[in-house]
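Trainee:
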Ligand code: UDP
């Protein structure tokens, strides 16, 4: 049987590159699009010699024309770290809007299944806890996070419209905080920040009092969930994340214990519109994908710390 081809935008990014690896292992042919604004060539270097892997260095916010058959288009390209979307708000809006439009257009032309990498940020600073897919969210459209949140909300809306109007088979993954190897040293998100600081015995930066919560999913579990979603029949959004919830101070203690670091804590100003609590309700994913994240935070942190250790 000929290999099935998956095109993935943002394939050199953190989640994208792990997904490329898993897809290659499973025998798919992979076309990776990335413009390296936040993607990293190192992440995909090992695949460049694989005849089933092809890199297209281009910007998905501009029209994309790719020859040949494509069975799946996975739209992962985005600036996903608050640091990045605060620095590049217009690129963030463009990739969520124009980029999603282009990726949908490509999928339509190829009669491919389309999957959007959406985010828990569509829920904003949630007033419902834990967050279920039926919750519409609490987003400040004109705040500093609005460029990311609203572009992803637009991306979901246009994806559902292509599904309804063009009868396309589309999927929407609402991805909650995910961490693991291949995150950038200077990514800015809390897990790599704390780990890199701990390994350098520098102060661990905690924003606000550190009482805000997040629920952290290890990358291996996330990739498994995304693959299951890609292959299932559901067209409405599905939450993917690990429902074990921690305060940032609890995370700090875990990182200090697991790394054996002597770092102190440095409290900094809480960023504007920083969500106070976040935890996915994954009842839907459990039911329709038979998916349940397996890697506990301590184990995932252990693996991530040892990956960063090798690079420090
Ligand atoms: N945070 C922190 N110290 C850091 C980076 C982030 O205390 O060095 C906090 C941030 O304010 C937020 C949480 O950790 O409450 C998660 O932030 P992250 O940037 O990882 O992503 P978010 O979940 O906000 O999109």
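Residue numbers (our numbering): 24 to 335. Don't be surprised by glycine CBs; every beta carbon is placed ideally from N, CA and C.
Is it buried or exposed for residue 125, if we count other Cβ within 10 angstroms and need 16 for buried?
Mentor: When all chains shown are included, residue 125 counts as buried.
Trainee: Between the Cα of residue 257 and the Cα atoms of 105, 34 and 183, which residue gives the shortest distance?
Mentor: Of the candidates 105, 34 and 183, the one whose C-alpha sits nearest the C-alpha of residue 257 is 183.
Trainee: Under 8 Å by Cβ, that's how I've got residue 224 and residue 286 pegged, so tell me the actual separation to the nearest angstrom.
Mentor: Indeed, because the Cβ distance is near 5 Å, the residues count as touching under 8 Å.
Trainee: Hey, out of 198, 240, 252 and 129, whose CA is closest to residue 318's CA?
Mentor: Selected option, being the one with the closest Cα: 240.
Trainee: My assumption, with CB atoms under 8 Å, is that residue 102 sits in contact with residue 38. Please give the rounded CB distance.
Mentor: With 8 Å as the limit, residue 102 and residue 38 do not qualify as a contact, their Cβ atoms being about 13 Å apart.
Trainee: Which stretch, first to last residue, makes up the alpha helix (DSSP H) that contains residue 247?
Mentor: Where residue 247 is concerned, the enclosing alpha helix (DSSP H) stretches over 242 to 254.
Trainee: What number of angstroms, rounded off, separates the C-alpha of residue 121 from the C-alpha of residue 52?
Mentor: In a straight line, the C-alpha of residue 121 is about 26 Å away from that of residue 52.
Trainee: Please tell me whether residue 35 and residue 95 are closer than 8 Å, where the distance is taken between their beta carbons.
Mentor: For residue 35 and residue 95, no; Cβs fall outside 8 Å.
Trainee: Going by DSSP, name the residue or residues bridged to residue 138.
Mentor: Residue 138 pairs with 97 and 194.
Trainee: Determine the contact status of residue 77 and residue 58, defining contact as a CB-CB distance below 8 Å.
Mentor: No. Outside cutoff.
Trainee: Starting from the Cα of residue 150, find the closest Cα among 54, 290, 47 and 299 and give me that residue.
Mentor: Closest option to residue 150, Cα to Cα, is 299.
Trainee: Using beta-carbon positions only, say whether residue 154 and residue 143 come within less than 8 Å of one another.
Mentor: Yes, they are a contact pair.
Trainee: Tell me, please, whether the segment 189 to 209 touches the segment 227 to 239 by the rule of three or more beta-carbon pairs shorter than 8 Å.
Mentor: Output reads yes: the segment 227 to 239 touches the segment 189 to 209.
Trainee: In terms of alpha-carbon separation, which member of 123, 221, 204 and 218 lies closest to residue 173?
Mentor: If we check each option's Cα against that of residue 173, 123 comes out closest.
Trainee: Around the Cβ of residue 179, are there at least 16 other Cβ atoms within 10 angstroms (buried) or fewer (exposed)?
Mentor: The residue in question, residue 179, is buried, as its Cβ has 16 or more Cβ neighbours within 10 Å.
Trainee: Can residue 315 be considered in contact with the ligand UDP, in the sense that its beta carbon sits closer than 7 Å to one or more heavy atoms?
Mentor: Answer for residue 315: no, Cβ out of range of the ligand UDP.
Trainee: Starting from residue 222, follow its DSSP beta bridges and name the residues at the other end.
Mentor: DSSP output for residue 222 lists no bridge partner at all.
Trainee: Less than 7 Å between the CB of residue 233 and some heavy atom of the ligand UDP, yes or no?
Mentor: Yes - the ligand UDP has a heavy atom lying nearer than 7 Å to the Cβ of residue 233.
Trainee: Distance check for residue 137 and residue 75, CA to CA, integer angstroms please.
Mentor: Their Cα atoms are separated by approximately 20 Å.
Trainee: From this set, 32, 45 and 148, which residue's C-alpha is nearest residue 242's C-alpha?
Mentor: Among 32, 45 and 148, the Cα nearest to that of residue 242 belongs to 45.
Trainee: Can you say whether residue 171 is buried or exposed, counting buried as having 16 or more other CB atoms within 10 angstroms of its CB?
Mentor: Buried.
Trainee: If you drop the 5 nearest sequence neighbours on each side, which residues of the same chain put their C-beta closer than 6 Å to that of residue 87?
Mentor: Closer than 6 Å at Cβ, skipping near neighbours: 125 and 129.
Trainee: How would you label residue 162, buried or exposed, when you count the other beta carbons within 10 angstroms and need 16 or more for buried?
Mentor: Looking at its Cβ environment, which holds 16 or more other Cβ atoms inside 10 Å, residue 162 is buried.
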